[in-house]
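Beneath this line is the structure, given in structure tokens, with notes to follow.
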Amino acid sequence: MTAALAYGTDAKDYLARAEDRLAEGSAEALFYSALEIRCGIESRIKQYLAAQAHISKAKKSGWKIAKLAKGIEAAFRTGDQIVEFSIMDGPKGKVLATFLYTPVTSRLQKLGQQLGNYLHVTTLPTNRDEVWWSELRAMLEESIHLLRMATTGELLGAPLLHKETNQIQMSGEFNKDDSRLHFVQGLYDSKSHVVVRVGYHKEWKLIPVSDQHTETLIGEPT
626 MTAALAYGTD AKDYLARAED RLAEGSAEAL FYSALEIRCG IESRIKQYLA
676 AQAHISKAKK SGWKIAKLAK GIEAAFRTGD QIVEFSIMDG PKGKVLATFL
726 YTPVTSRLQK LGQQLGNYLH VTTLPTNRDE VWWSELRAML EESIHLLRMA
776 TTGELLGAPL LHKETNQIQM SGEFNKDDSR LHFVQGLYDS KSHVVVRVGY
826 HKEWKLIPVS DQHTETLIGE PT
């Protein structure tokens, strides 16, 4: 019996393989990298959609990036902004925990669609010059960078406030050993009242987001 082959389909799995193929540098590896990136973008968008119970199955189905992305924008209306959700010990107190929603930006969506063009049989001449290959590599590098950013956040969508219940809906993915997860669970179990702050950011940069000075990629508040 042939052993089952392991092939992860999480967005981060696609990202890791895309980076490996790009590092190989061969002509065929670049095309395989494009495939992994294209699948990684679709996977990340679908992860966001799957976590939202209020989004219809019709909007969660399919494979076209543009169509799937419309469902995300209709749900959150945050565009390309990074959403920072912080729990504080008072209106002007210290930040106790911070979580991020990092979107699949419109630029990354466009790159994913362009890379899809490289995944079909082509009639271009086989002796493509170095300029052609350099442009492809540059596109792959930018796409990998943006996909890495899109998979940085823990939140699987922007936090949503239900006006009728005044409760916040927030889904995320965490390592079981993440201390923030245990902290939030403790707050829930103790029914403690806390202050939350939501920030919206346009650009990426490295800044500390905790008392331990752990650096996370987020941006300047709008």
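For our numbering, add 625 to where a residue sits in the sequence shown, where the first one is 1.
We treat Cβ as the ideally placed atom computed from N, Cα and C, and that holds for glycine.
Quick caveat, the model's predicted, so the values are computed rather than measured.
Minimum Cβ-Cβ distance from residue i to chain C less than 9 Å
i	result
Y639	Looking for chain C here will not work: only one protein chain is present.
Exposure label - residue i; buried when at least 16 CB within 10 Å
i	result
V756	exposed
R642	buried
A659	buried
P672	The question names Pro, but residue 672 is Gln in the sequence shown. Q672 is buried by the Cβ-count criterion.
L693	buried
G811	exposed
L630	exposed
G650	exposed
F687	First, the amino acid is wrong: residue 687 is Gly here, not Phe. Looking at its Cβ environment, which holds fewer than 16 other Cβ atoms inside 10 Å, G687 is exposed.
Residue from the options whose Cα sits closest to the Cα of residue i
i	options	result
F701	A722, T727, S711	T727
G696	I680, T703, D705	I680
L822	F710, G778, K801	First, the residue type needs correcting, since residue 822 is Arg and not Leu in the sequence shown. For the residues F710, G778, K801, the minimum Cα distance to R822 belongs to F710.
M795	L640, G687, T776, V708	V708
Y743	Y825, A631, A652	A652
L725	G778, A678, Q739	G778
A691	S731, E661, G704, K682	S731
E661	Y673, L640, K816, Q677	L640
K689	L812, S658, R663, V720	R663
L785	Y632, Y813, A678	A678
E698	L674, K682, A683	L674
Y657	A676, K684, G741	G741
I793	Y813, K735, V746	Y813
DSSP state of residue i mapped onto helix, strand, coil
i	result
G797	strand
E789	coil
G633	coil
R822	strand
V729	coil
E709	strand
A763	helix
A654	helix
V746	coil
A699	helix
A783	coil
A683	helix
A659	helix
A643	helix
H838	Reliability of the predicted coordinates at H838 is poor, the pLDDT of 32 falling under 50, and no value is obtained from them.
A722	strand
W757	helix
D714	coil
Close Cβ partners of residue i (< 8 Å) along its chain, the five nearest in sequence each way excluded
i	result
L655	R646, L647, W758, L761, R762, L765
Q706	P728, Y825, H826, K827, T847
A722	S711, I712, R805, F808, V809, S835
F799	E779, R805, L806
Q739	M764
Own chain partners of residue i with C-beta closer than 7 Å, once the 5 adjacent residues on each side are dropped
i	result
L733	I666, S768, L771, L772, A775
G797	F724, E779, L780, L781
E897	Residue 897 is absent from the model: the chain starts at 626 and stops at 847.
Sequence-distant residues of the same chain with beta carbon closer than 6 Å to residue i, five excluded per side
i	result
A783	F701, T703, V708, Y726
V720	S711, M713
Y632	none
K685	L674
Would you call the region 656 to 674 and the region 633 to 646 touching, i.e. three or more CB-CB distances under 8 Å?
At 8 Å Cβ cutoff, the stretches touch.
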